[in-house]
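Note sheet for the following structure.
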Amino acid sequence: MYHSINWDLLKSHYLQANRATQLDSLALNLMRIGSGTDDSVAQYLVRESQFFIEWIIPDMDLETDITFASELVDLQRLLSRWKLSWSDLWLNEKEPQEVAMLAQQWCNYIHG
14 MYHSINWDLL KSHYLQANRA TQLDSLALNL MRIGSGTDDS VAQYLVRESQ FFIEWIIPDM
74 DLETDITFAS ELVDLQRLLS RWKLSWSDLW LNEKEPQEVA MLAQQWCNYI HG
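If you're matching positions, the sequence shown starts at 14 in this note's numbering and goes up one per residue.
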């Protein structure tokens with residue numbers, strides 16, 4: 014689905030936004046993933062969220078934001094696990110609920 018996305022254009026728009034807007038975009042993606050949205054849309058949102066994190070971290074002040082930056086790296090790892098095992102996540106009834114719960118926790122953390 015996301016092969017037709019112009020990631021460079023998305024990156025340009027994303028990086029023009031302020032930090033709060035960038036984090037809101039990430040949180041919105043997580044909420045949509047957690048809400049049980051359409052499978053292909055959710056997979057796209059996982060990938061887009063990975064890019065958002067990849068794009069935001071280099072601009073962070075690691076002297077003051079190191080804890081938050083490392084939390085985002087942890088989220089990046091979680092998203093990678095979801096991406097790699099997406100089809101398996103939905104075979105077990107509990108897994109989608111766990112994805113929803115984790116997505117909500119991260120959304121709450123980002124809006125901290």
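Ideal Cβ placement from N, Cα and C applies to all residues, glycine included.
Let me know the secondary structure DSSP gives residue i once reduced to three states.
{"i": "A40", "result": "helix"}
{"i": "I18", "result": "coil"}
{"i": "M114", "result": "helix"}
{"i": "N31", "result": "coil"}
{"i": "D74", "result": "coil"}
{"i": "G49", "result": "coil"}
{"i": "W103", "result": "coil"}
{"i": "S98", "result": "coil"}
Taking buried to mean at least 16 other C-beta atoms within 10 Å of its own C-beta, is residue i buried or exposed?
{"i": "I46", "result": "buried"}
{"i": "Q29", "result": "exposed"}
{"i": "Q35", "result": "buried"}
{"i": "I69", "result": "buried"}
Please confirm whether residue i and residue j have their CB atoms less than 8 Å apart.
{"i": "L41", "j": "A116", "result": "no"}
{"i": "L39", "j": "I123", "result": "yes"}
{"i": "V59", "j": "L92", "result": "yes"}
{"i": "Q56", "j": "W99", "result": "yes"}
{"i": "L97", "j": "V112", "result": "no"}
For residue i, which option in the options has the closest C-alpha, if you only look at C-alpha atoms?
{"i": "F64", "options": "F81, D78, L85, D101", "result": "L85"}
{"i": "E61", "options": "D72, L88, M73, S83", "result": "L88"}
{"i": "C120", "options": "S48, H26, Y27", "result": "S48"}
{"i": "A82", "options": "I66, L97, N31, V112", "result": "I66"}
{"i": "I18", "options": "V54, D37, T50", "result": "V54"}
{"i": "R32", "options": "D72, Q118, T50", "result": "D72"}
{"i": "D52", "options": "Q118, I79, G125, P109", "result": "P109"}
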